[in-house]
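Which chain is which? The protein sequence lines are F and P, in order. Numbered according to the numbering used here, the first sequence terminates at residue 498, and the numbering increases by one at each position without gaps. Numbered according to the numbering used here, the second sequence terminates at residue 498, and the numbering increases by one at each position without gaps. Even for Gly, the Cβ is constructed at its ideal location relative to N, Cα and C. The block underneath contains the structure these notes are about, expressed in structure tokens.
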Amino acid sequence: MVRILMLCEGTYPFYRGGVSTWTHNLISNLQDYEFLILAVTSTPFLHEKYDLPANVRAVLNIPLWGTEFVKEHISEFRFRDYLKGSLSTDEKRIREDFAPRFREFISEVKYGCRDPEALGEAINEMHEFLIRYDHRKTVRSKAFWNIIREEISDDKLYQHTRLSYTTDFTRILSHLLRLLSYEYPRVDISHSSAAALCGIPGIILKIKREVPYIITEHGVYFRERILDLPSEASIIERMLLINLYRAIAKVNYYYADKILPVCNFNVNWEEELGASTDKIEVIYNGVDVERFKPMKIEVKDNLKRIVVMARIEKLKGIMNVIEAMSHVSEKHPEAICEIYGPISDKIYYKTCLRKIKSLNLEDKVHFMGPTNKPEIAYNRAYMVVQPSLSEGFPFTVVEAMACGKPVVATDVGGVKEAVDGCGIIVTPRSPIALADGILRLLEDEDYARILGEEARKRVLKRFTYDGFLENYRRVYLEILSEKILREIVEWRRS
Amino acid sequence: MAEILTDLDSLAIAILEVDENVKDYLDVAVILELLGVTKDTARRYGCDDIFDLARTVFEAVKYYQLKDESSGVKRKSRLESIIEAIKLFAGGVTLSSPWLAVILAYIIFKVSLLPAQETPLASTSINLALVFSIINTSWISPIFMRKLFYFMYQRNYSAVRKILMVYFTFGFLVTILAAGISIVLVRALGIYPDWWSAYFMTFFVTLSLLWLTTAPLYALRLYIPLIFTYISSLSIIGVSYGMMEMLQQRYMAHIYGIISGSFMAVIYLAIYLYLRSRFKPQIHEGVKVRFSFMLYLGIPYAIVNLLYFIFIFIDRLLVWYVQAPYPFIVDLFYEKPASLSLLTITVPFGVMNYYVNKFYRSASAGERRFNSFQIDEYCRSMRRVYLEMHASILASGILFQIILYHLLQGFLIKDETWIFMYLSLGHVFLAMIISNILLFLYMHRPAKSIPPLLLGILVNFILGVSFMRMWGMKYAVSLGYMIASIVTAILLAAISLRTIIKNADYYYYSAF
């Protein structure tokens, strides 16, 4: 059976969300493939949020934070193995065997990866060192810090970063390098769910064992990291982080055999970051049209429900929908907004509550918490609103469309491609535009009904499970056959 | 500029970059104009004019200002700084609270943690129990407390409970084992009477329990409950005294007091953990505590603590060592000035705590102040704080010693005065030793303080023995302690200056 290493970062199987849903759907429906999951997370103390399908053979959680020693959280990892590695790690060995590779790595990273192959090789050699020697001693060594000093503090551009920033950057880097301290399993294909840090094992397997490497890109990793940059950082400090993310994305694209964005919107970014066009193929997400279908849900009132399905965080633009509701409720007091989703940012949530209070919308906007039955929530709705500031190809929009609901969504990521005339697209970050879209559907019930019907038809045509799975089967087979072909050619040559 | 700021959040952040202290929407309007925002731009945001936009943006600015406050960006006022300095000083004084509370309680209320014995032999058993109980527990707590603090920071209360359970069990077993071995040895040698062994064992076990149970309070910096623990111990002893007339019964009063102190500490810890987990909910679950890893990192910390306590008790053990008829007999003549000299440590400890915290703060604040090409200046600034710390400890310690000398003149006869003076000065340098050890611990380099401490112990021992033989007088031992303290402090300072201070950037990075 073909074994696939699924590479995830902060998503499946420990966190819920769009990427996790995608991963779960893909694995559950490809029962003729075996999957090993390598999850890069921030902490070792996590519980799986999904019932793992039978074809998942193992889950390896690689926490970058939360333990003092790499692998300390793994029961099978014996102390004497650690001790062996630790005792053989000293400053001299680090200086001679690790430092030159780390210098290459930093010099590539700080300029956003001028030579992806050099960066890939440096990563692979650092991995070779870290699987044998102690990560903790290595990143705490004088040699490690000296390279940072020479490459960052002595660099004409970066020397103007605050020392605290250089220290924090190095600490972050030292934690990221934990990822390289693990042995990766023998597999036939590696498949990363982002062109991110989690793709690094895929790159290493490609270099070491020529394992074909695929990336599915939901939101563009590089673009999303830019949105997350700390606001207090100076331009040069931001540049250092931007270049780190750029380097990670570029090296991923370089080594990938196939790049599979979930929408065309991502393609521009990927090409901009050096991904070769002939590697790129858009595969849209599919939804379960039997689960997400129009249903008769009894509601005892005559309220018109505007449903938002999103985590409560800044990037999801919840504040905009609250402000939009203040305009909507003036004209349509029967409209209420129900927001389903977990609270990811408590400060933001409190700000939203304050906003609701200041606008006297306490009886108009309700936080409903997370739900396991989104199909019920959609079917209770008069319309579904997606107010995000950034998205890839959101499941919520497609699921709502599959339920035959008209959608008002912001023009971000691949949303326009999903909706394509079967809903209303509005300017992002504009409560007024969002309110206008909502009002239009509230005031014209026929138009809303027609949009809903068209949306369902579009999903059945373009975004079904079957199409989605068929595409992935084909890609897996293609790259496996290419690999076999390459091996035959080499065998013949030899 | 305004063209690329496409949303309210970006505008708010841009405003804060120009002026982080904007107070109202008019300030915002001025900066918006500076950024090139026009009436047309304002309309694109759905606002009537620039002032309307400024009001909207100001809402977002308030959100970010709130966020900055919660992440500790807010600057301290002068009054807040003074209050914090006083708190830190008091915190340092409480570091010496066991001694301070015990001595003050004895001076004021004539109640002490240990019973005042009329015979040197009885006093020997209790004092030896005190010294060996401290040495016995000194190495256990650092191994566990390091990790306890780590998990506490992670809000991993189930792991904290697990560590505490193992810590108490392990500590108790070690104590029982050590007590058992001591009794077997004493009996085998047949040197002390049976009642002596009973006294020793009872006090050794109960005092060990007290040190074991109060160590987590130290580690979690719960100074008020720590003082409360000692006060409750002393109160129970004081109250029991009134009810017990016989001297033997009074000895039991101390046992009750010490046990109830341990009990209070455990109850406080349990309540504290319960309240923390109730009101600051656990973030992580399903933890696996790996004791082998914990032990591996904890050993250098354990050695440092053990050596430190051996260092400070060497003079007593030398003075008590008499060879015949018993190997150890407490010298009550030495005890009085030695106990009074402990008062000296309070002020330098307070100063030390203030400066050690200042050093920690400067390490992080300095990194924000200096750019990466100014690493040498950063290290120089850390050196200034470090030297200032040592100068202040020394000056405050000597000054306080002089004050104490004048206050206690009536209590001390000639040789007692010398003992008091030598030991007091030694204690001032002890504060310097501890400040260096704390810096090494803060930078996660405990092993660096092991060689100077070993040397200190050696100097302390050799000089103590030599001076006693040369002059045949007990106060000579205190001179040995003073010299050893000075030598150890200088050595530790030299290592600090050559490593941690010289390469403050590297050590600060690698500490976390």
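Range covered by the alpha helix (DSSP H) that runs through residue i
| i | result |
| --- | --- |
| residue 89 (chain F) | 83 to 91 |
| residue 177 (chain P) | Note, residue 177 (chain P): premise wrong, no alpha helix (DSSP H); not H, not E. |
| residue 322 (chain P) | 318 to 327 |
| residue 45 (chain F) | It is not in any alpha helix (DSSP H) - residue 45 (chain F) instead sits in the beta strand (DSSP E) that spans 37 to 45. |
| residue 429 (chain P) | Premise fails: residue 429 (chain P) is in no alpha helix (DSSP H) and is neither H nor E. |
| residue 146 (chain F) | 146 to 152 |
Proximity to residue i [Cα-Cα], best of the options
| i | options | result |
| --- | --- | --- |
| residue 406 (chain P) | P:417, P:391 and P:420 | P:391 |
| residue 493 (chain P) | P:316, P:408, P:376 and P:368 | P:368 |
| residue 334 (chain P) | P:316, P:420 and P:372 | P:420 |
| residue 9 (chain F) | F:222, F:393 and F:216 | F:216 |
Inter-residue spacing [alpha-carbon to alpha-carbon] between residue i and residue j
| i | j | result |
| --- | --- | --- |
| residue 276 (chain P) | residue 403 (chain F) | 45 Å |
| residue 281 (chain P) | residue 160 (chain F) | 44 Å |
| residue 297 (chain P) | residue 104 (chain F) | 45 Å |
| residue 55 (chain P) | residue 384 (chain P) | Caution is warranted here: a pLDDT of 43 is assigned to residue 55 (chain P), below 50, making its placement in the model unreliable, and the coordinate value is therefore given only provisionally. Cα-Cα distance, rounded: 41 Å. |
| residue 125 (chain F) | residue 211 (chain F) | 8 Å |
| residue 266 (chain F) | residue 317 (chain F) | 22 Å |
| residue 243 (chain F) | residue -3 (chain P) | 20 Å |
| residue 209 (chain P) | residue 356 (chain F) | 39 Å |
| residue 343 (chain P) | residue 184 (chain P) | 44 Å |
| residue 59 (chain P) | residue 347 (chain F) | Caution is warranted here: a pLDDT of 45 is assigned to residue 59 (chain P), below 50, making its placement in the model unreliable, and the coordinate value is therefore given only provisionally. Cα to Cα, the separation comes out at about 25 Å. |
| residue 416 (chain P) | residue 370 (chain P) | 21 Å |
| residue 238 (chain P) | residue 299 (chain P) | 26 Å |
| residue 164 (chain P) | residue 293 (chain P) | 18 Å |
| residue 219 (chain F) | residue 284 (chain F) | 10 Å |
| residue 173 (chain F) | residue 245 (chain F) | 8 Å |
| residue 198 (chain F) | residue 483 (chain P) | 47 Å |
| residue 188 (chain P) | residue 338 (chain P) | 35 Å |
| residue 57 (chain P) | residue 268 (chain F) | With a pLDDT of only 42 at residue 57 (chain P), under the threshold of 50, the placement of this residue in the model should not be trusted; the figure read from the coordinates follows. Using only the alpha carbons, I get a separation of about 39 Å. |
| residue 191 (chain F) | residue 325 (chain F) | 45 Å |
| residue 289 (chain F) | residue 135 (chain F) | 36 Å |
| residue 460 (chain F) | residue 492 (chain F) | 47 Å |
| residue 413 (chain F) | residue 37 (chain P) | 29 Å |
Terminal residues of the beta strand (DSSP E) in which residue i lies
| i | result |
| --- | --- |
| residue 220 (chain F) | 217 to 221 |
| residue 390 (chain F) | 387 to 390 |
| residue 413 (chain F) | 411 to 414 |
| residue 339 (chain F) | 339 to 344 |
| residue 262 (chain F) | 262 to 265 |
| residue 30 (chain P) | Residue 30 (chain P) -> not in any beta strand (DSSP E); alpha helix (DSSP H) instead, spanning 25 to 30. |
| residue 219 (chain P) | Run containing residue 219 (chain P): none in the beta strand (DSSP E); it sits in the alpha helix (DSSP H), 209 to 229. |
| residue 194 (chain F) | 193 to 196 |
| residue 430 (chain F) | 428 to 430 |
Three-state class that DSSP yields for residue i in the structure shown
| i | result |
| --- | --- |
| residue 8 (chain F) | strand |
| residue 230 (chain F) | helix |
| residue 435 (chain P) | helix |
| residue 118 (chain F) | coil |
| residue 60 (chain F) | strand |
| residue 356 (chain F) | helix |
| residue 370 (chain F) | strand |
| residue 376 (chain F) | coil |
| residue 1 (chain F) | Outside the shown range of chain F, which is 5 to 498, sits residue 1 (chain F), and nothing can be said about it. |
| residue 179 (chain F) | helix |
| residue 284 (chain F) | strand |
| residue 66 (chain F) | strand |
Proximity test, Cβ basis, 8 Å: residue i and chain C
| i | result |
| --- | --- |
| residue 283 (chain P) | Protein chains in the displayed structure are F and P, and chain C is not among them. |
Distance cut-off 7 Å: residue i Cβ against heavy atoms of the ligand SAM
| i | result |
| --- | --- |
| residue 453 (chain P) | Questions concerning the ligand SAM fall outside what the structure shown contains, since it holds no ligand whatsoever. |
**Asked** Touch check for the segment 206 to 224 of chain P and the segment 246 to 258 of chain P: three-plus C-beta pairs under 8 Å?
**Response** yes
**Prompt:** Touch check for the segment 94 to 114 of chain F and the segment 125 to 141 of chain F: three-plus C-beta pairs under 8 Å?
**Reply:** yes
**Message:** Taking 8 Å as the cut-off, does the segment 282 to 299 of chain F touch the segment 338 to 357 of chain F (at least 3 CB pairs, one atom from each stretch)?
**Reply:** no
**Message:** Count Cβ pairs between the segment 360 to 369 of chain F and the segment 253 to 261 of chain F that sit closer than 8 Å; are there 3 or more?
**Reply:** no
**Asked** Counting Cβ pairs, one atom from each stretch, are 3 or more of them under 8 Å apart for the segment 199 to 207 of chain F and the segment 28 to 44 of chain F?
**Response** yes
**Asked** Would you call the segment 343 to 354 of chain P and the segment 106 to 125 of chain P in contact, with 3 or more CB pairs under 8 Å?
**Response** no
**Request:** Decide yes or no for the touch test of the segment 62 to 73 of chain P against the segment 470 to 487 of chain F: beta carbon pairs closer than 8 Å, at least 3 of them.
**Result:** no
**Message:** For the structure I just gave you, are there three or more beta carbon pairs, one from the segment 398 to 405 of chain P and one from the segment 348 to 364 of chain P, closer than 8 Å?
**Reply:** no
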